[in-house]
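Novice: Chains as they are written, first to last, in my numbering: chain F, 1 to 288; chain V, 1 to 307. No residue lacks a Cβ here, since even glycine has one placed at the ideal position from N, Cα and C. Predicted, not measured: the structure shown is a model, and the values here were computed from it.
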């Protein structure tokens, strides 16, 4: 399990899990699950297009996921964001279908882009993943306060002169970078599960943003590590275990939250916990 | 002259080819149902659920493939269960809805990965993957039309049954609840209708077109029409138009592109996008900025009448 050919897999999965835990926290907070599904899922079109013109896959993924992010934000000005996202993923997938129809050689690669090939990650794929991961983390650190405020209290953010539309686009660009980073090594299905399940579970345990983010990273790490180990032992696909563990973590989180509420220790519902979060964030911002 | 332009518009064999005829009929049925259901999907802000169900069904489709059953039954069974779980987790509040859909989608894709892997082992082909994911309107089994007609009719009948309370609760959940509309029952019925509609479209024309025909025509119609009833009719018409024109372009492109034609999905999506941008221009040209930006105010106005 820890043989030399597995080292790349452990490293790639660990990097992806840390980034997914951090960025996923904001994905859940902003209700951006659809975008987190659409960008990784539609980005394969970029990979197929890159193959056609003989460019590196990661360039195609990057260009397409950034274009997708721009399109969701652009269409979102004139339509609801879920409609904008649906139209975007449909166009990306359709272009992917078009590119695939131009060549018969690329189709088998699609399976690995969707479901990942983490056990076969090469060292050459690891380097860009690590670099992009650092970029994503730095971006989140730089954007932390305005992103947090515009996520939980857009009105307050507006009043403080934060451009919420720009924050929307900035967050989508971060999601596009996460896509480019993760899809070549773990696949679109796995990165989506990691962006939603562990952060959603973490939020059920605490209302304090930094703690929730840390917990979300821990859950994501445990999820991928256990998934790799079990997948190695059973010879079944990793994606199955990541999906199942993410849903399991979320269920446990919800059960915990319900139990706490019953005991009456915390008298607030999910709505109030958002209000609570808003209060903390605005208080923090005011203290500065 | 007329004959000349006619034959250059429709490449030879378009009307006599049987796969094309089946594609046109199946496409039209799917388009009408998707258009009708889609208007409520857009009003209720459940595009994610609408798209997710087409992916979730993949797990059911691949499971059915594994046990040798017909794919469509796997799709329907999985989607109905998934819709139930989404409703249970709480699909009403925007962020809870987003999360509920995401969790169910993540778990289902995990299952799909497992089943597709088993499919690949048992039949040693990756054809199953691509087939289940993309579908193709030109390679449909002959008996599918009846099953689809039944599913489509059930879906539309469900919508018709709860039409008024559904419209009211879609526009204002609180008002509907205050007027003793059984909001959860109505919402559950709608999700069931959505699950059936998406199952039938995803299994025949693929996940891409399923979402394209569900959201695209409805979004176009809601930009143009001032009333929901009209929007539903416009959405169904736009969906059928896009489907047929797209199929025609795909068929004709075989000649232009030297044998290797463009995929139907791409052609239909392209038509929908052209119409979407055109509808934006029309709405703006009318000077009605309100409709061009959002349909919310218009719905609020209509709500007064419904209530």
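#1: On a CA-only basis, which of 165/V, 30/V, 231/V is nearest residue 147/V? Give me that one, please.
#2: In three-state terms, what does DSSP make of residue 19/V?
#3: Under 9 Å, do residue 112/F and residue 187/F count as touching if we go by C-beta distance?
#4: Between residue 186/F and chain V, is the shortest Cβ-Cβ distance under 9 Å, so that the two count as touching?
#5: Could you check whether residue 44/V and residue 190/V sit closer than 9 Å to each other, using their CB atoms as the reference points?
#6: Considering Cα atoms alone, identify which of 139/F, 60/F, 245/F is closest to residue 42/F.
#7: Could you name the residues of the same chain whose beta carbon sits closer than 7 Å to that of residue 50/F, not counting the 5 residues immediately before and after it, in chain order?
#8: Measure the CB-CB distance between residue 168/V and residue 156/V and report whether it falls below 9 Å.
#9: Any heavy atom of the ligand SAM closer than 8 Å to the Cβ of residue 281/V?
#10: Taking only the alpha-carbon atoms, compute the straight-line gap between residue 165/F and residue 73/F and give it to the nearest angstrom.
#11: Does the beta carbon of residue 249/V sit closer than 9 Å to a beta carbon anywhere in chain F?
#12: So is residue 118/F buried or exposed if we call it buried at 16+ other beta carbons inside 10 Å?
#13: What residue does the alpha helix (DSSP H) around residue 165/V start on, and which one ends it?
#14: Since residue 262/V meets chain F, which of its residues come closer than 8 Å, beta carbon to beta carbon?
#15: By the three-class DSSP mapping on this structure, what secondary structure does residue 124/V have?
#16: Count Cβ pairs between the stretch 200-209 of chain V and the stretch 262-278 of chain V that sit closer than 8 Å; are there 3 or more?
#17: Would residue 239/V pass as an interface residue toward chain F - the criterion being a Cβ-Cβ separation below 9 Å?
#18: Is any beta-carbon of chain F found at less than 9 Å from that of residue 173/V?
#19: Which of the residues in the stretch 13-36 of chain F, read from start to end, lie with their CB under 9 Å from any CB of chain V?
#20: Could you check what DSSP says for residue 12/F in three-state terms: helix, strand or coil?
#21: I want to verify the contact list: residues of chain F whose CB lies under 7 Å from the CB of residue 114/V, in sequence order.
#22: Whose C-alpha, out of 229/V, 262/V, 222/V, 228/V, is nearest the C-alpha of residue 279/V?
#23: Return helix, strand or coil for residue 61/F, following the three-state DSSP convention.
#24: How would you write the range of the alpha helix (DSSP H) that residue 261/F sits in, first residue to last?
#25: Among residues of its own chain, excluding the 5 on either side of residue 42/V, which ones have a beta-carbon nearer than 7 Å to its beta-carbon?
#26: When you check each C-beta in the stretch 207-231 of chain V against every C-beta of chain F, which residues fall closer than 7 Å?
#27: Could you confirm whether any beta carbon from chain V is found closer than 9 Å to the beta carbon of residue 288/F?
#28: Which ranges does the alpha helix (DSSP H) cover as unbroken runs of at least 4 residues, wholly within the stretch 31-118 of chain F, from first to last along the chain?
#29: If you reduce the DSSP assignment to three classes, tell me which class residue 179/V lands in.
#30: Which one of 19/V, 18/V, 34/V has the shortest CA to CA distance from residue 237/V?
#31: Output needed in chain order: residues of the stretch 152-184 of chain F with a Cβ under 9 Å from some Cβ in chain V.
#32: List, in order along the chain, the chain F residues whose C-beta lies closer than 7 Å to that of residue 269/V?
#33: Can you pull the chain F neighbours of residue 58/V, defined as C-beta to C-beta under 8 Å?
#34: Only counting the same chain, and skipping five residues up and downstream in sequence, which positions put a Cβ closer than 8 Å to that of residue 247/V?
#35: Three or more C-beta pairs under 8 Å: does that hold for the stretch 183-197 of chain F against the stretch 239-249 of chain F?
#36: Tell me the DSSP secondary structure of residue 291/V in three-state form.
Specialist: The relevant details are as follows:
#1: Position 147 of the second chain holds residue 147/V. It is 30/V whose Cα lies nearest to the Cα of residue 147/V.
#2: Indexing the second chain from 1 puts residue 19/V at position 19. Three-state result, residue 19/V: helix.
#3: Counting from 1 along the first chain, the entry for residue 112/F is found at position 112. Counting from 1 along the first chain, the entry for residue 187/F is found at position 187. Going by C-beta atoms, residue 112/F is nearer than 9 Å to residue 187/F.
#4: Here residue 186/F refers to the residue found at position 186 of the first chain. Chain V contact via Cβ: absent.
#5: For the purposes of this step, residue 190/V is taken as the residue at position 190 of the second chain. For the purposes of this step, residue 44/V is taken as the residue at position 44 of the second chain. Yes.
#6: As a first step, residue 42/F is located in the first chain; it is residue number 42 there, counting from the start. Closest by alpha carbon: 60/F.
#7: Taking the first residue of the first chain as 1, we reach residue 50/F at position 50. Closer than 7 Å at Cβ, skipping near neighbours: 56, 57, 59, 60.
#8: Along the second chain, read from residue 1 onward, the residue named residue 168/V stands at position 168. Along the second chain, read from residue 1 onward, the residue named residue 156/V stands at position 156. Result no, Cβ atoms of residue 168/V and residue 156/V do not sit closer than 9 Å.
#9: The ligand SAM is absent from the structure shown, which contains no ligand whatsoever.
#10: For the purposes of this step, residue 165/F is taken as residue 165 along the first chain, with counting starting at 1. For the purposes of this step, residue 73/F is taken as residue 73 along the first chain, with counting starting at 1. Their backbone Cα atoms lie some 8 Å apart in a straight line.
#11: Sequence index remark: in the second chain, residue 249/V carries index 249 (1-based). Output row for residue 249/V: interface = no.
#12: For the purposes of this step, residue 118/F is taken as residue 118 along the first chain, with counting starting at 1. Classification for residue 118/F: buried.
#13: Position 165 of the second chain, counting from 1, holds the residue named residue 165/V. Here the alpha helix (DSSP H) through residue 165/V covers 163-171.
#14: Here residue 262/V refers to the residue found at position 262 of the second chain. Under the 8 Å cutoff, chain F gives 98, 101.
#15: Counting from 1 along the second chain, the entry for residue 124/V is found at position 124. Low local confidence applies: a pLDDT of 49 at residue 124/V is under 50, so the model's placement there is unreliable, and no value is given.
#16: yes
#17: As a working mapping, residue 239/V is identified with position 239 in the second chain. No, its Cβ sits nowhere closer than 9 Å to a Cβ of chain F.
#18: For the purposes of this step, residue 173/V is taken as residue 173 along the second chain, with counting starting at 1. Residue 173/V does not count as touching chain F.
#19: 27, 28, 29, 30, 31, 32, 33, 34, 36
#20: Counting from one through the first chain, the residue named residue 12/F turns up at place 12. Helix.
#21: For the purposes of this step, residue 114/V is identified with residue 114 of the second chain, where counting begins at 1. Simply 236, 237, 240.
#22: Here residue 279/V refers to the residue found at position 279 of the second chain. Cα-wise, what sits closest to residue 279/V is 222/V.
#23: Against the first chain, residue 61/F aligns to sequence position 61. In the structure shown, residue 61/F sits in a helix (DSSP, three-state: H, G or I).
#24: Counted from its first residue, the first chain places residue 261/F at position 261. Per DSSP, residue 261/F belongs to the alpha helix (DSSP H) from 238-263.
#25: As a working note, residue 42/V is residue 42 in the second chain. For residue 42/V, where only same-chain residues beyond five positions count, the Cβ hits under 7 Å are 215, 218, 219, 222.
#26: 208, 211, 212, 215, 216, 219
#27: Sequence index remark: in the first chain, residue 288/F carries index 288 (1-based). For residue 288/F, the pLDDT reaches just 41, beneath the cut-off of 50, and the residue's location in the model is therefore unreliable, although a value from the coordinates is still provided. It does not; no Cβ of chain V falls within 9 Å.
#28: 33-42, 44-53, 57-75, 81-101, 107-115
#29: Translated into positions along the second chain, residue 179/V becomes position 179. Coil at residue 179/V, not helix or strand.
#30: By 1-based counting over the second chain, the position of residue 237/V is 237. Taking only the C-alpha atoms, the option nearest residue 237/V is 34/V.
#31: none
#32: Looking up residue 269/V in the second chain gives position 269. Ordered by position in chain F, the residues that pass the 7 Å Cβ test against residue 269/V are 90, 91, 94.
#33: Walking along the second chain from the start, residue 58/V turns up at place 58. By Cβ distance, chain F contributes nothing, its closest Cβ being about 10 Å from residue 58/V, past 8 Å.
#34: Along the second chain, one-based indexing puts residue 247/V at 247. 20, 23, 24, 27, 137, 264, 267, 268, listed in sequence order.
#35: yes
#36: Numbered from its first residue, the second chain carries residue 291/V at position 291. Because the pLDDT at residue 291/V is just 46, under 50, the model does not fix this residue reliably, and the value given afterwards should be weighed accordingly. Residue 291/V: helix per DSSP, three-state reduction.
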